[in-house]
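Heads up: the structure comes next, in structure tokens.
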Amino acid sequence: MRKRFLSLTLALSVLFPAYGAKAKPPEGGWVFDGSPDYPDFTRVVINRTSGTLSGVITSRWYGDLPMQDLRAAGDTLVFKINNGNPRLTPSDIVITADDKVLRMKGTLWYQSFDITAHKATKTELKALDFPTYPLPPYRVVAQKALALTPPMGWNSWNRFNTEIDDKTVREIADALVSSGLKDAGYVYVNIDDGWQGKRDANGVLQPNAKFPDMKALADYVHSKGLKIGIYSSQGPKTCGGFEGSYGHVEQDAKTFAEWGMDYLKYDLCSGEAFYHTRETVYASYQQMGEALAATGHDIVFSLCQYGRFDVGSWGRDVGGHLWRTTGDIEDNYARMAWIGFDASGKPNHTGPNGWNDPDMLEVGNGGMTTDEYKTHMSLWALMAAPLLLGNDVRTMTPDTVAILTNRDVIAVDQDTAGVQGLPVKKDATHEIWTKKLSDGATAVGLFNRSDKPITITGSWSEIGVGGAKEVRDLWAHTQAHAETDYSYTLPAHGAALLKVH
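Heads up: the sequence shown at position 119 corresponds to 118 in numbering that gives the first Met the number 0, and the numbers run straight through without jumps.
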């Protein structure tokens, strides 16, 4: 998940001016006069029952957030609020109040604020009630066979964040064709966060002004022999702060189908405040899975919930075809390597129509060396990961094109057996991975995890590839007779990817 919207676990200090020895924190309801868009606070309600204080802060992002661990110390209340993913160090927020005005000042993750609230009438508070919607009872959604091999394509987020528009998407589609990427297998053009506008009077979600006609855009992408994808969240807000599908799940699925979308990335984001148990997260994805099925339109369903609750064990049961195994990737070696080497997902979950998703590719975005990008691509191929480009394919270097269009490497990823490769040897400087292929061969990845060149040597039999006769180096495009032993010199953070028969 984007750093911007990681956990909202906060310790808030609520301080009030001295009223003498009998000074007490105010009770009742307060409505904020204004708030930053994130997290868009609307009201605070503090109650005392049998001498015990309790309270709730309401946000348009996260709904009603109970004040947890609430305790009073003189004129101070100390409590926490939690959006379902506690990762941040608690941050103090200060509130001062008199009989008429409450002032809240502090910083919440990236957002500093100094806002006031007024004592509210019951009518004002009622108008700010946060709507809640029932989840469906547990069911298994019949999965469509839409991803026999890991999906391949392009996604807008890594390069463009929310700054994406119709013109750029059309140009990306053109570039996928002209660069040879389409012919190499990259067929999805996926619009991530930032396309959403507002809902009309009937609740139908409209694209924003940057996307004047989503159906026409889909038709254009289809005319290139490509497919198109869209993004949403089951929460009220997406990670970028746009309109989510909360309360409009079936309606949005119908809209996406009418536009001609072929792929949906469904991101937990603000939904984690409402759906933060295994049962509720399952039900929220089940709800969209059933809604997509009800449209009768074929839509690949991508679950983006960061690998929680062993998602691979149930992703297919909600109609899903791929599921994220971690938080977001970044365009640097350390983050890519941690995801690839250390957080690659459970291999028993991977296979035709269901794929562990370690997030999108960063190849070509400039934060890593060519050798590090080859390591990135090699790892994702061995993991049978979806290959979703995250770079600007309109302006690629020859090295980037060569990495992304290497047919031998792509074939390892797209192998029909759908086996996820695994490490067979690890030490402080290097790792060796193997992956069984459908033609009886074995893909072998040799990885230098150190920042200096090293030579990796050993025997084929030690890594489970006894009786090898031929070895093809998939990056060097060379083939040789297999000796008993192997020896490869790798650059810093470099890799060799081999096909051994």
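Ideal placement from N, C-alpha and C gives every residue a C-beta, glycine not left out.
- Quick one: residues in its chain with C-beta nearer than 8 angstroms to the C-beta of residue 422, no 5 flanking neighbours on either side, listed in chain order? Within the sequence shown, residue 422 is the residue found at index 423, counting from 1. Within the same chain, and ignoring the five residues on either side of residue 422 in sequence, the residues whose Cβ sits closer than 8 angstroms to its Cβ are 340, 430, 431 and 432.
- Query: Just how far apart, CA to CA, sit residue 405 and residue 154?
  - Reply: Looking up residue 405 in the sequence shown gives position 406. Looking up residue 154 in the sequence shown gives position 155. For residue 405 and residue 154, the distance between alpha carbons rounds to 19 angstroms.
- Message: DSSP three-state label for residue 426, please.
- Response: Here residue 426 is taken as the residue at index 427 of the sequence shown, counted from 1. Secondary structure at residue 426: coil, using DSSP grouped into helix, strand and coil.
- Identity of the residues DSSP links to residue 486 by a beta bridge: The residue given as residue 486 occupies position 487 in the sequence shown. As DSSP reads the structure, residue 486 sits in a beta bridge with 456.
- For residue 158, count neighbouring C-beta atoms within 10 Å of its own C-beta (all shown protein chains included) and say buried if the count is 16 or more, exposed if not. Within the sequence shown, residue 158 is the residue found at index 159, counting from 1. By the 10 Å Cβ count, residue 158 comes out buried.
- Message: Residues in the same chain with beta-carbon distance under 6 angstroms from residue 151, minus the five sequence neighbours each way, listed in chain order, please.
- Response: As a working mapping, residue 151 is identified with position 152 in the sequence shown. For residue 151, where only same-chain residues beyond five positions count, the Cβ hits under 6 angstroms are 184, 185 and 386.
- Message: Quick check on DSSP: helix, strand or coil for residue 168?
- Response: Position 169 of the sequence shown, counting from 1, holds the residue named residue 168. Helix.
- Task: Taking residue 402 as part of the alpha helix (DSSP H), name the residues at either end of that continuous run.
- Result: Sequence index remark: in the sequence shown, residue 402 carries index 403 (1-based). Its alpha helix (DSSP H) spans residues 397-403.
- Task: Write down the C-beta distance between residue 176 and residue 223 rounded to the nearest angstrom, noting that I regard them as a contact closer than 8 angstroms.
- Result: Your numbering for residue 176 matches position 177 in the sequence shown. Your numbering for residue 223 matches position 224 in the sequence shown. Sure, about 5 angstroms apart at Cβ, within 8 angstroms.
- Query: Should residue 314 be labelled buried (16 or more other beta-carbon atoms within 10 Å of its own) or exposed?
  - Reply: Against the sequence shown, residue 314 aligns to sequence position 315. With 16 or more other Cβ atoms from the protein chains shown falling within 10 Å of its own Cβ, residue 314 counts as buried.
- Query: Using DSSP with H/G/I as helix, E/B as strand and the rest coil, what is residue 233?
  - Reply: Looking up residue 233 in the sequence shown gives position 234. Residue state for residue 233 is assigned as coil, using DSSP reduced to three classes.
- Message: Let me check one thing: in DSSP terms, what residues is residue 180 bridge-paired to?
- Response: Start at 1 with the first residue of the sequence shown, and residue 180 comes out as number 181. Bridge pairing for residue 180: absent [DSSP].
- Item | Counted within 10 angstroms of its Cβ, other Cβ atoms place residue 121 as buried (16 or more) or exposed | Sequence index remark: in the sequence shown, residue 121 carries index 122 (1-based). Flag for residue 121 reads exposed.
- Can you give the beta carbon distance from residue 167 to residue 192, rounded, assuming they're within the 8 angstroms contact cut? For the purposes of this step, residue 167 is taken as the residue at position 168 of the sequence shown. For the purposes of this step, residue 192 is taken as the residue at position 193 of the sequence shown. In this structure, residue 167 and residue 192 do not form a Cβ contact; the two beta carbons are roughly 14 angstroms apart against a cut-off of 8 angstroms.
- Proximity below 9 angstroms, CB of residue 40 to CB of residue 58: Counting from 1 along the sequence shown, the entry for residue 40 is found at position 41. Counting from 1 along the sequence shown, the entry for residue 58 is found at position 59. Yes. Within cutoff.
- Which class does residue 497 belong to by DSSP, given the choice of helix, strand or coil? Indexing the sequence shown from 1 puts residue 497 at position 498. Strand, per DSSP.
- Message: Using the three-state DSSP reduction, which class does residue 103 fall into: helix, strand or coil?
- Response: By 1-based counting over the sequence shown, the position of residue 103 is 104. In this structure, DSSP gives residue 103 an extended state, which the three-state scheme calls strand.
- Task: Starting from residue 110, follow the alpha helix (DSSP H) in both directions and report where the run begins and ends.
- Result: Mapped onto the sequence shown, residue 110 falls at position 111. Taken as a continuous stretch (DSSP letters only), residue 110 belongs to no alpha helix (DSSP H), being part of the beta strand (DSSP E) at 110-118.
- Query: So, helix, strand or coil for residue 247, using DSSP?
  - Reply: Reading the sequence shown from its first residue, position 248 is the one you call residue 247. Here residue 247 sits in coil by DSSP.
- Message: So, with DSSP's three-state summary, where would you put residue 253?
- Response: Mapped onto the sequence shown, residue 253 falls at position 254. Helix.
- Task: Using beta-carbon positions only, say whether residue 358 and residue 323 come within less than 9 angstroms of one another.
- Result: Here residue 358 refers to the residue found at position 359 when the sequence shown is read from its first residue. Here residue 323 refers to the residue found at position 324 when the sequence shown is read from its first residue. Inclusion of residue 358 and residue 323 in the CB contact set at 9 angstroms is warranted, their separation being smaller than that value.
- Query: Under the three-state reduction of DSSP, which class applies to residue 29: helix, strand or coil?
  - Reply: Position 30 of the sequence shown holds residue 29. It is a strand residue.
- Item | Per-residue DSSP class, three states only, for residue 323 | On the sequence shown, residue 323 is found 324 positions in, with the first residue counted as 1. DSSP places residue 323 in strand when its eight states are reduced to three.
- Query: By the 10 Å Cβ neighbour count, where 16 or more other Cβ atoms means buried, how is residue 201 classified, buried or exposed?
  - Reply: In the sequence shown, counting from the first residue as 1, residue 201 sits at position 202. Per the 10 Å Cβ criterion, exposed.
- To which residues of the same chain is residue 246 closer than 7 angstroms at the C-beta, ignoring the five residues directly before and after it? For the purposes of this step, residue 246 is taken as the residue at position 247 of the sequence shown. Here the set comprises 130 and 132.
- Query: Can residue 368 and residue 492 be called in contact, C-beta distance under 9 angstroms?
  - Reply: To locate residue 368, count along the sequence shown from 1; it is residue 369. To locate residue 492, count along the sequence shown from 1; it is residue 493. The answer is yes: Cβ separation under 9 angstroms.
- Query: On the premise that residue 494 lies in contact with residue 444, defined as a C-beta separation below 8 angstroms, what is that separation, rounded to the nearest angstrom?
  - Reply: By one-based count along the sequence shown, residue 444 stands at place 445. By one-based count along the sequence shown, residue 494 stands at place 495. That belief holds up - the Cβ atoms of residue 444 and residue 494 are roughly 6 angstroms apart, short of 8 angstroms.
- Query: Is residue 470 helix, strand or coil by DSSP?
  - Reply: Within the sequence shown, residue 470 is the residue found at index 471, counting from 1. Residue 470: strand per DSSP, three-state reduction.
- Query: For residue 479, which residues of its own chain have a beta-carbon under 6 angstroms away from its beta-carbon, when the five flanking residues on both sides are left out?
  - Reply: Here residue 479 is taken as the residue at index 480 of the sequence shown, counted from 1. Cβ within range, chain order: 470.
- Message: Taking the straight line between their C-alpha atoms, what separation do you get for residue 467 and residue 144?
- Response: In the sequence shown, the residue the question calls residue 467 occupies position 468. In the sequence shown, the residue the question calls residue 144 occupies position 145. About 35 angstroms.
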